Structure formats: C-alpha cells, structure tokens
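Q: Following this message is one structure expressed as structure tokens.
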Amino acid sequence: MRDESCIFCKIIAGEIPSRKIYEDEDFQVMLDVSPATKGHALILPKKHYANLYELPEELAGKAMCLAKRMAERMTLLLGCDGFNIVQNNNEVAGQTVFHFHMHLIPRYTADENGEMIWWKAQKFSDEVLDDLAKKLAQK
Ligand code: AMP
Ligand code: ZN
Numbered sequence: 003m004r005d006e007s008c009i010f011c012k013i014i015a016g017e018i019p020s021r022k023i024y025e026d027e028d029f030q031v032m033l034d035v036s037p038a039t040k041g042h043a044l045i046l047p048k049k050h051y052a053n054l055y056e057l058p059e060e061l062a063g064k065a066m067c068l069a070k071r072m073a074e075r076m077t078l079l080l081g082c083d084g085f086n087i088v089q090n091n092n093e094v095a096g097q098t099v100f101h102f103h104m105h106l107i108p109r110y111t112a113d114e115n116g117e118m119i120w121w122k123a124q125k126f127s128d129e130v131l132d133d134l135a136k137k138l139a140q141k
C-alpha cells in the first residue's frame, strides 16, 4: 500500500520531513508546504490511494469526519472566519500529487484569496439540463 515514487508515501514513512499536526491509525495531517493561507493543511491516508476513485468508501467517510473535526479545532485555535475544504482528482482538476489528500484551508476576512476557489458559471439550455438530470438520476 505504498508507491515508491510518491512523495506523500515518503512523508508518511518519515523519509521526508513534514510539519505534522495530527496522526491516527489511518491518517496524517500536515501543513501544506506552499500554503494558500495561514494554517493550510492536508489530510493524507497512510496507505497510498491515487485519488477519490481509488479510496475505499470507509476511508472516505473517515476522512470527511476528520476534516470536520480538524476544521472545528483549527477555527478555534487560529481564529479564522471560515473554511474551505478542497479535494482535487486528476490533472484536469488540478491534482499535482497523486496520493489522495484533502486540503483544509482556513479563511480570513483579509486573506486576499477571494478568488482562490472559483469557477466560471456556464449557461446550458433547458434541454441539456433536463437530459443531464435524467442521466444522473438513473438507478
Ligand atoms: P493538489 O494540487 O491538490 O494535488 O495539491 C498538492 C499539494 O501538496 C499542494 O498544495 C502542495 O503545496 C502540497 N505539497 C507538495 N509537496 C509537499 C510537501 N513535501 N509537504 C507538504 N505539502 C506539499
Ligand atoms: Zn503515496
């Protein structure tokens, strides 16, 4: 459950240093080396899964529960005003390290990252939206 070429696997094994802020049986949480804001951290499963598609459901559930606990604790300790949780899958979606991780990003009123989490809203016809809803709702 380790990928020899994976930087996060090396961090988990202690071969590359990190600023660890939490650890349990399944996960490590560390500060991001290139933070969007003060306190930006990453939740990593200790076993190597490339992305959300590979992550077992049980660990996905645990990761979300941990994200909630970390967000509450970090908000208390940092005094931030809000929080983004971001999780990228595959290069097209901005993933650069291919070991599943969740970004915990404390937000501050004056953090100058207003456009950090953004998308350009697009327009689709009613017909396209109706087809899409039908397709995605199929059992
Ligand atoms: P993503 O673009 O979602 O794959 O995010 C990868 C994140 O990992 C980026 O925010 C990087 O700054 C962060 N990162 C890469 N290498 C390290 C490292 N050695 N220690 C901590 N964070 C890292
Ligand atoms: Zn890995």
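Going by this note's numbering, the sequence shown opens with residue 3, and the numbers climb by one from there.
Positions of the beta carbon are idealized from the N, C-alpha and C atoms, including for glycine.
The structure presented is a predicted model; accordingly, all values stated were derived computationally and were not measured.
According to DSSP, simplified to helix, strand and coil, what is A62?
A: The answer is helix: DSSP assigns A62 an H, G or I state.
Q: What are the start and end residues of each continuous beta strand (DSSP E) run of 3 or more residues lying completely inside the region 77 to 121, in chain order?
A: Correct list: 84 to 88, 104 to 109.
Q: Does the region 129 to 138 come within contact of the region 84 to 98, defined as at least 3 CB pairs closer than 8 Å?
A: No: the two stretches stay apart, fewer than three of their Cβ pairs being nearer than 8 Å.
Q: So, for K64: in the same chain, excluding its five sequence neighbours on each side, which residues have a beta-carbon less than 7 Å away from its beta-carbon?
A: D28, listed in sequence order.
Q: Are any of the Cβ atoms in chain B nearer than 8 Å to that of G63?
A: Given the protein chain composition of this structure (a single chain), no chain B is represented.
Q: Measuring CB to CB, does Q97 end up less than 8 Å from N53?
A: Yes, these two residues count as a Cβ contact at 8 Å.
Q: So, for I9: in the same chain, excluding its five sequence neighbours on each side, which residues have a beta-carbon less than 8 Å away from its beta-carbon?
A: Correct list, in chain order: I18, V99, H101.
Q: Just checking Q30 against the ligand AMP - is the residue's beta carbon closer than 7 Å to any of the ligand's heavy atoms?
A: Every heavy atom of the ligand AMP is 7 Å or more from the Cβ of Q30, so no.
Q: Excluding the 5 residues flanking Y24 on each side, which residues of the same chain have their C-beta closer than 6 Å to its C-beta?
A: Within the same chain, Y24 has close Cβ partners V31.
Q: Could you tell me if the beta carbon of G41 falls within a distance shorter than 7 Å of some heavy atom in the ligand AMP?
A: Incorrect: G41 has no Cβ contact closer than 7 Å to the ligand AMP.
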